[in-house]
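A quick write-up on the structure given underneath.
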Amino acid sequence: RLTYLGIRDAVPFSNGYQMMVDIGGGSTEWILGRHQTLLSKKSTPLGVVFLTEQYLLSDPPSSSELIQMKKKVREYFAEVKEAFKGVFEKNPPITWIGTAGTVTTLAAMAQGLEHYSFEKVNRFMLTPETVSGLFQALISKTKDERKKIKGLEAGREDIIVAGAFIVLEMMMFFNFNRMVVSDYGLREGIILNMIDQIPKISPA
């Protein structure tokens, strides 16, 4: 709910459905909304740290490691599809929105940003072509070589491979070609929620 509040403040919602995805270190949160209303949510133990530690043991990762990781990722995607099947079976237009470090880093990398910029990252549109290109570049390099990539935040050179993989596989599995990046997420949602709790002072 708090992540939803944060995203809603950074990205304008259309009148249709929104699927908001928060890719974290140990889990991925899925939030389904429509218009300005949160409908349902699901958490999956599909995080970038988890996947990196379980599958990406080589540097750069091997083909067999990526194949095994894909199998696990798609298992969780199938669970998500089942959880939201009432909507997915109708196949309505859905705006996909991503938040947290993975998607903001991909947006920064896609633009080759020397310094992070909210204005350039927030509402940036990730496409399968963009994410695929970034992913191929990442898996062709070692961790040390990745540190030189513009837009890649220091400390993410190991886990960004799993992050890019999740986003790319998500686009293919759920068959969508655009993900809007939200710079706001849980942290901003907490702040906005706190502001809402402040008693409103009526004018004298």
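Count along the sequence shown starting at 1, add 567, and that's the number in my numbering. We treat Cβ as the ideally placed atom computed from N, Cα and C, and that holds for glycine. Since the structure is predicted, the reported quantities are computational estimates derived from the model, not experimental observations.
Spell out a yes or no on whether the stretch 580–598 and the stretch 653–664 are touching, meaning 3 or more CB-CB pairs, one atom from each, closer than 8 Å. Yes, the stretch 580–598 is in contact with the stretch 653–664.
DSSP has L613 in a bridge; who is on the other side? Locating residue 613 in the sequence shown gives position 46, where the first residue counts as 1. BP columns for L613 are empty, so no partner.
Counting Cβ pairs, one atom from each stretch, are 3 or more of them under 8 Å apart for the stretch 673–686 and the stretch 694–706? Two segments are said to touch when three or more pairs of C-beta atoms, one from each, lie closer than 8 Å; by this definition the stretch 673–686 touches the stretch 694–706.
Just to confirm the assignment, what range does the alpha helix (DSSP H) spanning R713 have? Taking the first residue of the sequence shown as position 1, residue 713 is located at position 146. Start and end: K710 to R713.
Run through the DSSP bridge pairs and tell me what G600 is partnered with. Numbered from 1 along the sequence shown, position 33 holds the residue referred to as residue 600. G600 is bridged to Q585 and L605.
Ignoring anything shorter than 3 residues or poking outside the stretch 657–687, list the beta strand (DSSP E) runs there in chain order. 661–666, all fully within the stretch 657–687.
If you count every other CB in all the chains shown that lies within 10 Å of the CB of R713, and 16 or more means buried, which is it? Translated into positions along the sequence shown, residue 713 becomes position 146. Burial is judged here by how many other beta carbons sit within 10 angstroms of a residue's own beta carbon; R713 has at least 16 and is buried.
Is K609 closer than 8 Å to V647 when the C-beta atoms are compared? Taking the first residue of the sequence shown as position 1, residue 647 is located at position 80. Taking the first residue of the sequence shown as position 1, residue 609 is located at position 42. Cβ distance < 8 Å, so V647 and K609 count as in contact.
DSSP on V748, reduced to helix/strand/coil? Residue numbering aside, residue 748 sits at position 181 when the sequence shown is read from its first letter. Assignment of V748 by DSSP, reduced to helix, strand and coil, places it in the strand class.
Can you tell me which of the three DSSP states L623 falls into? Counting from one through the sequence shown, the residue named residue 623 turns up at place 56. L623: coil per DSSP, three-state reduction.
Can you say whether L633 is buried or exposed, counting buried as having 16 or more other CB atoms within 10 angstroms of its CB? Residue 633 sits at position 66 when you count from the first residue of the sequence shown. Its Cβ being crowded by 16 or more others within 10 Å, L633 is buried.
Inter-residue spacing [alpha-carbon to alpha-carbon] between G665 and P766: Numbered from its first residue, the sequence shown carries residue 665 at position 98. Numbered from its first residue, the sequence shown carries residue 766 at position 199. For G665 and P766, the distance between alpha carbons rounds to 32 Å.
Using 10 angstroms around the beta-carbon of I661, count the other beta-carbons present and answer buried if the total reaches 16, otherwise exposed. As a first step, residue 661 must be located in the sequence shown, where it is residue number 94. In this structure I661 is buried. Its beta-carbon is surrounded by 16 or more other beta-carbon atoms within 10 angstroms.
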